[in-house]
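Going by the numbering used here, the sequence shown opens with residue 1378, and the numbers climb by one from there. Backbone N, C-alpha and C fix where the C-beta goes; we use that ideal spot for every residue, glycine too.
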Amino acid sequence: MSSIWNEKCILSPSLICLDLCNLELQVRILEENGVSMLHVDIIDGHFSPSMPLGLDTVRQLRQKTNLLFDCHLMATEQDYFVDELLDIGVEQIVFHGETQPHIDGMLNRIHSRGVKAGVALKPSTPLSEVEYVLEKCDTVLLMLINPGYAFVKGEKQVTYGKRKIEDLRQMIDRRGLPAKIEVDGRISPDNIREYGAGAVDIFVTGSTCIDRKNMAESLRALSKLRETVIGG
């Protein structure tokens, strides 16, 4: 598995925030500007009111790039999507605990294929959802907005996001675990400045950070910010 997972303050651009009519071109721009990981949202239209990306698009894109696919599965029925993503050849699958009756079993199932696995939580879902499986989680993804509403104008990060991040960081560090914290939803440069030095490991960067009409400039600015945050 790539050493990118061991780095600090990983920036993972969101696939659904790119120009979906020019994906291959935009992915090339990501690669040319040092991006190593791509955040891939798979939404079934039931778990949240959005369905921007199909599995066939992900499958075809897998043939075009070596970027690490960090998949965030938002689905009511998860088994089919997990099997498809495993067959496509993604590097990580993070699924929502709220719709998975066997969280421990699903983590084991994904790991058995040599793929990283984790649990995602909606803003109001308590951290107790992952308390007993934290040792098995490569990543815990915290949603800072309600999933599926990223395109709703005026949708802001929940006011308790910072407290939830801090509580999860303490839970992980107190037990000496390697699990990473990933945050998703209206991630801004200010969020990266505030949490990038140690509280959060992976930032899903979308339209708040990246202007898809001027991606190269946006990515250079983010790279410079990351270097400042980690002291590089």
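Using only the alpha-carbon positions, how far apart do residue i and residue j sit?
i	j	result
residue 1403	residue 1449	20 Å
residue 1539	residue 1589	28 Å
residue 1533	residue 1597	25 Å
residue 1487	residue 1475	17 Å
residue 1459	residue 1557	21 Å
residue 1411	residue 1568	21 Å
residue 1357	residue 1457	The structure shown has nothing for residue 1357, since the chain only spans 1378 to 1609.
residue 1612	residue 1433	A question about residue 1612 goes unanswered here, because the residues of the chain that appear run from 1378 up to 1609.
residue 1606	residue 1405	26 Å
residue 1537	residue 1383	28 Å
residue 1430	residue 1401	14 Å
residue 1591	residue 1428	25 Å
residue 1438	residue 1595	22 Å
residue 1477	residue 1500	17 Å
residue 1547	residue 1593	36 Å
residue 1509	residue 1600	35 Å
residue 1423	residue 1506	21 Å
residue 1572	residue 1502	21 Å
residue 1397	residue 1551	42 Å
residue 1375	residue 1608	Nothing about residue 1375 can be read from this structure; the chain reaches only from 1378 to 1609.
residue 1409	residue 1387	17 Å
residue 1389	residue 1531	23 Å
residue 1482	residue 1399	38 Å
Would you mind giving the Cβ-Cβ distance between residue i and residue j, rounded to the nearest angstrom? I have them listed as a contact below 8 Å.
i	j	result
residue 1577	residue 1549	Not confirmed; about 11 Å, so no contact.
residue 1413	residue 1381	5 Å
residue 1391	residue 1581	5 Å
residue 1519	residue 1498	6 Å
residue 1421	residue 1452	4 Å
residue 1492	residue 1472	That pair is no contact at about 12 Å.
Closest by CA to residue i, which one among the options?
i	options	result
residue 1535	1523, 1545, 1486	1523
residue 1641	1500, 1454, 1491	Because the chain is modelled from 1378 through 1609, residue 1641 falls outside the range shown and cannot be assessed.
residue 1604	1574, 1505, 1435	1574
residue 1395	1385, 1386, 1384, 1407	1407
residue 1435	1472, 1416, 1607	1416
residue 1565	1602, 1546, 1551	1602
residue 1393	1583, 1593, 1608	1583
Do the CB positions of residue i and residue j come within less than 8 Å of each other?
i	j	result
residue 1579	residue 1559	yes
residue 1544	residue 1504	yes
residue 1563	residue 1585	yes
residue 1494	residue 1464	no
residue 1462	residue 1511	no
residue 1484	residue 1441	no
For the ligand MN, I want to know if residue i counts as a neighbour, meaning its beta carbon is within less than 7 Å of at least one of the ligand's heavy atoms.
i	result
residue 1511	Summarising the ligand content, the structure contains no ligands, and the ligand MN is consequently not present.
Quiz item: Per the contact definition of three or more C-beta pairs closer than 8 Å, is the region 1441 to 1448 in contact with the region 1462 to 1474?
Solution: The region 1462 to 1474, when compared against the region 1441 to 1448, does touch it at the 8 Å Cβ threshold.
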